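*Asks:* Per this note's numbering: the sequence shown = residues 153 to 307.
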Amino acid sequence: MLAAFFLLTLVLVGLPATAQAATPAALAQPQGPVVEHLRVKVPADARGAWLQAEEESWGPWLRRQDGFLGRDLLWDAEREEGLLLIRWRSRRQWLAIPASEIDAVQVRFEAAARRALSRDPEARGLAAAANPFPLVHAGELEWVALTPPVEEQGR
153 MLAAFFLLTL VLVGLPATAQ AATPAALAQP QGPVVEHLRV KVPADARGAW LQAEEESWGP
213 WLRRQDGFLG RDLLWDAERE EGLLLIRWRS RRQWLAIPAS EIDAVQVRFE AAARRALSRD
273 PEARGLAAAA NPFPLVHAGE LEWVALTPPV EEQGR
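1) Got a sec, what are the start and stop residues for the beta strand (DSSP E) R223 sits in?
2) Does the region 252-272 come close enough to the region 198-212 that 3 or more CB-CB pairs lie under 8 Å?
3) Check this for me: beta carbons of E206 and L225, under 8 Å apart or not?
4) Which residues mark the beginning and the end of the alpha helix (DSSP H) in which G211 is found?
5) Which class does G184 belong to by DSSP, given the choice of helix, strand or coil?
6) With DSSP as the reference, identify every bridge partner of E294, one or two as the case may be.
7) Who does L236 pair with in a DSSP beta bridge?
8) Is it buried or exposed for G234, if we count other Cβ within 10 angstroms and need 16 for buried?
9) Hey, out of D255, W295, L203 and S270, whose CA is closest to W227's CA?
10) Within the continuous alpha helix (DSSP H) that includes D255, where are the two ends?
11) Our contact map puts L278 next to P195 with C-beta atoms below 8 Å; I'd like the distance itself, whole angstroms only.
12) Alpha carbons only, please: which of W295, A201, V288 and A282 is nearest the one belonging to A268?
13) Let me check one thing: in DSSP terms, what residues is L287 bridge-paired to?
14) Once the 5 residues before and after R191 are set aside, which same chain residues still bring their CB inside 6 Å of it?
15) Less than 8 Å separating the beta-carbons of R243 and G222?
Encoded structure:
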């Protein structure tokens with residue numbers, strides 16, 4: 153009975169993001185370059201703490217990952233959200249990262265965020281949260297083209 157309940161829950165709610173990597177449908181996706189995109193809640197007065205926590209935790213870890221090509225951190229002032237675009241050489245390399253590693257880095261990120269927030273008088277209220285910058289959305293984009301940067305000529 154309990155097993156049937158869990159199966160029904162998975163069917164109705166869906167698999168957690170980390171579990172999707174193991175499904176046959178996930179492995180059947182195109183294996184070219186992909187962009188992981190994440191949106192996190194980042195109040196305006198906590199933007200600096202978010203960036204600092206990202207650089208202390210996710211930044212160094214990502215640079216050591218096989219297939220990591222780069223990331224962009226953007227901020228949406230209207231929604232007060234951080235947008236992360238993380239580029240991977242292949243979907244297979246991205247999905248090969250064990251969930252336990254991701255969880256460990258997330259713990260370091262949350263601790264770094266709380267430390268940074270505790271030093272900012274305007275954002276101290278967020279420092280008490282388990283995750284001061286909760287995930288709003290996670291997804292993936294297929295990388296279909298790249299426009300090279302415009303070179304400054306004589307400017």
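Virtual Cβ for every residue (Gly too), placed ideally from N, Cα, C.
What you are looking at is a predicted structure, and each value in this text was computed from that prediction instead of being measured.
*Replies:* Put simply:
1) In the DSSP assignment, R223 falls within the unbroken beta strand (DSSP E) covering F220 to D228.
2) Judged by pairs of C-beta atoms under 8 Å, the region 198-212 touches the region 252-272, as three or more such pairs exist.
3) It is a contact, given that the beta carbons lie within the stated cut-off.
4) Where G211 is concerned, the enclosing alpha helix (DSSP H) stretches over W210 to R215.
5) In the structure shown, G184 adopts coil according to DSSP, grouped into three states.
6) The partner list for E294 (beta bridge, DSSP) reads V186.
7) According to DSSP, which records beta bridges pairwise, L236 is partnered with L190 and L225.
8) Counting the other Cβ atoms within 10 Å of the Cβ of G234 gives 16 or more, which makes it buried.
9) For W227, the nearest C-alpha among the options comes from L203.
10) DSSP places D255 in the uninterrupted alpha helix (DSSP H) bounded by A251 to S270.
11) Correct: roughly 7 Å between the Cβ atoms.
12) If you compare the alpha carbons of W295, A201, V288 and A282 with that of A268, the shortest gap goes to A201.
13) Residue pairing for L287: DSSP places it in a beta bridge opposite V192.
14) Result list for R191: E233, L235, V288 and H289, in chain order.
15) Annotated as distal: R243 and G222, with beta-carbon spacing of 8 Å or more.
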